[in-house]
Amino acid sequence: RDPEELDEVHGAPGDDDPLDVLDLCPQAAGVGEVVCCRALGAVRLVDEGRADWKILAVRADADCPLADARSVADAERVMPGRIEQVLRWIDEFKQHSSASGTTLHYEILDADQAV
Numbered sequence: 025r026d027p028e029e030l031d032e033v034h035g036a037p038g039d040d041d042p043l044d045v046l047d048l049c050p051q052a053a054g055v056g057e058v059v060c061c062r063a064l065g066a067v068r069l070v071d072e073g074r075a076d077w078k079i080l081a082v083r084a085d086a087d088c089p090l091a092d093a094r095s096v097a098d099a100e101r102v103m104p105g106r107i108e109q110v111l112r113w114i115d116e117f118k119q120h121s122s123a124s125g126t127t128l129h130y131e132i133l134d135a136d137q138a139v
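Below, the structure is given as structure tokens:
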């Protein structure tokens, strides 16, 4: 996101980084591997005062029940707690790797709201 523009949802400037995609499927992808994903929604971190959006997605070709999810609600119904688990992981990762405070906003936007 552009650091010169304020985020219209929460009013924070962008972090000038590419968007991050968090695959909810448990299978790991290889480093640098390109996979086909379906966006389900988004969640925002505030990292060093800047908005750092994370796209919540599922691998379309994954060998797991989440591959058929079409929404955040579908993912929660198919694998209860998985979204919370992934968000806690990113929150802990950012807390340990960021020089200043990072805040994860647990308000998850559906794909329609996130676009």
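Residue numbering for the sequence shown is 25 to 139, as defined by this note's numbering.
Even for Gly, the Cβ is constructed at its ideal location relative to N, Cα and C.
Every value quoted in this text rests on a predicted model; they were computed, and no experiment measured them.
D115, enclosing alpha helix (DSSP H) - first and last residue: R106 to S121
Contact under 8 Å by Cβ, C49 with R94: no
Identity of the residue in D40, D39 and D76 nearest A66 by Cα: D76
Contact check, L30 vs K78, beta carbons under 8 Å: no
Separation of L64 from H132, as counted between CA atoms: Per the sequence presented here, residue 132 reads as Ile, with His not at that position. Straight-line Cα distance between these residues: approximately 10 Å.
Environment of V96 [buried if 16+ CB atoms lie within 10 Å]: buried
For A53 and D85, the rounded distance between their alpha carbons: 12 Å
Short Cβ contact (8 Å threshold) for P37 with R68: no
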